[in-house]
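Here's the structure we're looking at; comments come further down.
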Amino acid sequence: MNSKEIRKAFIDFFAGKGHQIVASAPMVVKNDPTLMFTNAGMNQFKDIFLGNQPAKYVRVADTQKCLRVSGKHNDLEEVGHDTYHHTMFEMLGNWSFGDYFKEDAINWAWELLHDVLKIPADRMYASVFEGSADDKLERDDEAFELWRKFLPAHQIINGSKKDNFWEMGDTGPCGPCSEIHVDLRDDAERAKIPGQNLVNKDNPLVIEIWNLVFIQFNRKADGKLEELPDKHVDTGMGFERLCMVLQGKKSNYDTDVFQNTIAKIAELSNKKYGDDQKADIAMRVIADHLRAISFSIADGQLPSNNKAGYVIRRILRRAVRYGYTFLDFREPFICKLVEVLKENMGDAFPELVSQQGLIENVIREEEESFLRTLETGIRLLDDLVAKAKAAGKTEISGDNAFTLYDTFGFPFDLTSLILREKGLTVDEAGFNAEMEKQKERSRNAAAQETDDWVELKKIEQVEFVGYDHLEAEVHISRYRKVTQKNKEFYHLVFDKTPFYGESGGQVGDSGYIEFDGQKTLILDTQKENNLTVHIAQKLPVNPAAAFKAVVDVKKRTLTMNNHSATHLLDQALREVLGTHVEQKGSLVNSEYLRFDFAHFQKVTKEELEKIQARVNELVRKNLALEENRAVAFDEAKKLGAIALFGEKYGDFVRVIKFGESVELCGGTHVPSTGQIGSFIITSESAISAGVRRIEAITADRAEEFVKKHMDELAEVKAVLNNTQNLKKSVEDLVAQNSRLQKQIEEFERKAASGIKDELKKKVQSINGVNVIAEVIQLDSAQAVKDLAFQLKGEIENLFLVLGSAIGGKPSISVMIAENLVAEKGLNAGAVVREAAKEMQGGGGGQAFYATAGGKDLSGLSAAVEKAKSFVK
RNA sequence: GGGGGAUUAGCUCAGUUGGCUAGAGCGUUUGACUGGCAGUCAAAAGGUCAUCGGUUCGAUUCCGAUAUUCUCCA
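Sequential numbering of the first sequence, starting at 132, is according to our numbering.
This is how it looks when you write it as structure tokens:
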């Protein structure tokens, strides 16, 4: 069976058992502060488990793209070294939300693996939770008995709390789980050591493929468990591992999921997979990371320097590093692999097909930029090596290596590799110590303590009334205290709310809630999945009261202007640039709007003018908002609504129409576009290969912007006697200025040359040295310097001291012919330092030319005399 | 969110006790050599040393802020 057939077999099986098949959620998570990426199939159902949202279907199955870059068994740095870890993987899963429980879950798992997919029974092992004294839990005998129907007792293993008790986090839903392991060793090996001894022992051929989680408890902040009213099943099966088992391979990377990519890498690098261990690791790393990066970009997450974007950048750079070190790639190559990936997975994940061009461009750009970083690092490292060698050292300090890594992004393993080649070592312990310090700093800065929710009023779902009302009577449904850096604030959840929680690029509302004359400020409103969390500075005195919730109208109105303008901008962009323009991100707040979109070249000035004019035209048409809050998703698409990649949509969506602009959007909008008033583009820039950014302002801000510019112009005109032709006047002024500048220089030159002739007459000969020591009238340090250098060229054996007042301050320059410096041991620097004392100053320079300044103008001639006295 | 760098000629970068006429390579322009191209040689142009403030007799250099940008951590 090939991988496509295997995926289908799973989906068909559970569809046959009454499961609703749903689409994979985006791999990049939005609206969940605790998670950057989907790391398990259950993520998209989190709200159901938490009780924040009712289940739409009680039985669901899917294949979910997941990304794991950290965690107990999956450090990014390990991926590729073995044959079964990945960053991005597919997780096949089936769920029951308060419907079937252990019995059906286990029966069906067995039926699929054994009866449908034909995995031999004697190669399968099941594990069950052994119980835990800490939590006062017995062994999961129920699961054990269910497995006994299919497996002999010795193939059922007791698992520890670590392996067989699943928890969503420190707190929240949890429960025992039961894993299915498969033994892939050959018969001789199996005869030697029984498979049950190797389960959960990190043997690459005795592996867990499916985990069935039985969610029956809720873990509270004090560590205690409470029984859930509704019990759920959550399962996850590693798709790549399943393919390995069914295709009779010993490594995930040997399955058809990865082999096409690896073959392409081998071709590009002119190496063969299987010839060299290190090259093999590199190929696996690249084949794995390619998937993670491509899917992230397709989901709209571009590499950047913080948060999720940074994780993607790090993964990509790791792939480049391995290609660079072990496969000798010196130019972008990962971008050339996207084509193969698309052929492999484009069927199941159409976003790869439609986003291919963007993915390739973004990857190429990132590769180029990192190769530049590497070059810089190599140069810096060469310097360090040269210095170390000159000092007779053979080790580079951990501190230095860390600076290379931390400040210049040069990977530590490359540092030690290059040093090894040059016969040097690096202090790894020192490096790690510095690394720890950095982590400590960041942890302290980000440390946050969250208390348990205190529930006051049970609700099914928060009702958002903010589309229609900016005030409402609300009750606090639950609250909790959050402590960060000694600052306390409170998270409040209301039964209903007029406050818009930050999402879809639009910032959250602020405002206040009021009871009995007491106001509590709401600083911000955030969304945690489906929960709208209001951030308050303090807890109201009487949390159970009925509050009047009031949104900051000014801020909301300005934000609405910008949000609606963003839709108009989107439409104008499509009209002017073409329909390839796709939104890649946006930010909308009360100050301005920012819109990122796919476009492969700079937007020209003419295009920008057209776009801005078009938006303003749409504003003036005063198009009325047509809002429909519950349109079936398919229906909305038929209307031509613009949906975003990487965005998770429900079955029913909100559709926002302004004339011809139709978008799926949850944000708040103006009743008609005339309210936007005016729209001004303030900047256009590139944020990544193939992605441009436009920033713009509207309404009040636009008006202020125009006023500021007009005022400035008026002021400038006033300075120029209210000239009719400002541009010409300024040009004339500039031309005149440069002409005068040249004249001044000419005069100065003449003056200097007059002074020069005077000075040449005053040469004294002292012991064969031609001495000039005079105070002259020159007001420019540069002119004095020029004069000194000219005299040096014209008089041999010169010892020159020039005193002058520059900007009202005394200054002396000493010039000594090079041969005198050498023969007589004279040093201009020493001379000026000594002489400058006469005028309360100091100075320095080189042996042949030095300058000094001072505070006391009356000491100038004394200083000149003093300098002269150095002639021997 | 927190740390560390960087910003000098069109480009890539040097520039240490604060005073070096602010440099190199590449590129550009001009001239010479060659039948032409390529090239070689010679010369020249090109700099608010990111911006603003402070310390100092004096700041590209030290300090602070801002902007832009790179990078690491969370």
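By construction, the Cβ of each residue, glycine as well, lies at the ideal position given by its N, Cα and C atoms.
Query, Result
"Exposed or buried, which one is L475 when buried takes at least 16 other CB atoms within 10 Å?", "With the sequence shown as reference, residue 475 is identified as Asn, and Leu is not the correct amino acid for it. Its Cβ being crowded by 16 or more others within 10 Å, N475 is buried."
"Would you decide whether S884 is buried or exposed? Buried here means 16 or more other CB atoms lie within 10 Å of its CB.", "exposed"
"Measure the beta-carbon distance from L447 to H420 and round it to whole angstroms, keeping in mind my assumption that it falls under 8 Å.", "7 Å"
"Between the segment 805-824 and the segment 775-793, do at least 3 Cβ pairs fall closer than 8 Å?", "no"
"Can you round the beta-carbon distance between A479 and R745 to whole angstroms, since I take them to be within the 8 Å contact cut?", "That belief does not hold up - the Cβ atoms of A479 and R745 are roughly 39 Å apart, past 8 Å."
"Can you tell me the Cβ-Cβ gap for V593 and K627, rounded? I've got them flagged as a contact below 8 Å.", "7 Å"
"Does the Cβ of D727 have 16 or more other Cβ atoms within 10 Å, making it buried, or fewer, making it exposed?", "buried"
"I'd like the span of the beta strand (DSSP E) that includes S201, first residue to last.", "Where S201 is concerned, there is no enclosing beta strand (DSSP E), given that its DSSP letter is neither H nor E."
"Closer than 7 Å by C-beta to E357: which residues in its own chain qualify, once you throw out the five before and the five after it? Chain order, please.", "F348, N349 and K351"
"Ordered along the chain, which non-local residues of its own chain (more than five positions away) have a Cβ less than 8 Å from that of R611?", "T581, D582, D583, W584, V585, Y621 and H622"
"DSSP three-state call for G488: helix, strand or coil?", "helix"
"For A904, which of S911, N898 and V894 has the nearest alpha-carbon?", "V894"
"Does the Cβ of F457 have 16 or more other Cβ atoms within 10 Å, making it buried, or fewer, making it exposed?", "buried"
"In chain order, which alpha helix (DSSP H) runs of at least 4 residues are fully inside the segment 210-274?", "233-241"
"What is the residue span of the beta strand (DSSP E) that Q347 lies within?", "V337 to R350"
"Where G290 and V259 are concerned, what is the direct C-alpha to C-alpha distance, given to the nearest angstrom?", "6 Å"
"Which residues does DSSP list as the beta-bridge partners of I812?", "A827"
"Looking only at its own chain, which residues have a Cβ that is under 7 Å from the Cβ of S860, when we skip the five neighbours before and after it?", "L851 and T854"
"Examine the Cβ distances between the segment 314-328 and the segment 263-270 and report whether three or more of them are shorter than 8 Å.", "no"
"Taking its Cβ as the centre, do 16 or more other Cβ atoms sit within 10 Å of V510, making it buried, or is it exposed?", "Per the sequence shown, residue 510 should be read as Arg rather than Val. Exposed is the call here."
"Just curious, the alpha helix (DSSP H) that S1009 is in, first and last residue?", "Here the chain covers residues 132 to 1003 and nothing more, so residue 1009 does not appear."
"Relative to the ligand SAH, is the shortest distance from any of its heavy atoms to the C-beta of L754 smaller than 7 Å?", "For the ligand SAH, the structure offers nothing, since it holds no ligand at all."
"To the nearest angstrom, report how far apart D213 and E371 are at their CA atoms.", "14 Å"
"Over what stretch of residues does the alpha helix (DSSP H) that includes S695 continue unbroken?", "V684 to L708"
"Would you say K923 and A959 are within 8 Å of each other, going by their C-beta atoms?", "no"
"Measure the alpha-carbon distance for K715 versus I494 and round it to whole angstroms.", "16 Å"
"What is the C-beta distance between H694 and G597, in whole angstroms, given that I count them as a contact (C-beta under 8 Å)?", "Not really, about 13 Å apart at Cβ, beyond 8 Å."
"Expressed to the nearest angstrom, what Euclidean distance is found between the alpha-carbon atoms of A522 and V516?", "10 Å"
"Taking 8 Å as the threshold (C-beta atoms), are T169 and K78 in contact?", "Residue coverage of the chain in this structure runs from 132 to 1003, which leaves residue 78 outside it and unanswerable."
"Under the DSSP definition of a beta bridge, which residues are partnered with L623?", "Y610 and H665"
"What three-state label does DSSP hand R785 in the structure shown?", "strand"
"How would you call R444, buried or exposed, if buried means at least 16 neighbouring beta carbons within 10 angstroms?", "buried"
"Rounded to whole angstroms, what's the CA-CA distance from V613 to E659? Just pull it up for me.", "15 Å"
"Between P157 and D430, is the Cβ-Cβ spacing less than 8 Å?", "yes"
"Measuring straight from C-alpha to C-alpha, what distance separates S528 and E559?", "8 Å"
"Might you give, ordered along the chain, the residues of its own chain that have their beta carbon closer than 6 Å to the beta carbon of D387, omitting 5 neighbours on each side?", "N133 and S134"
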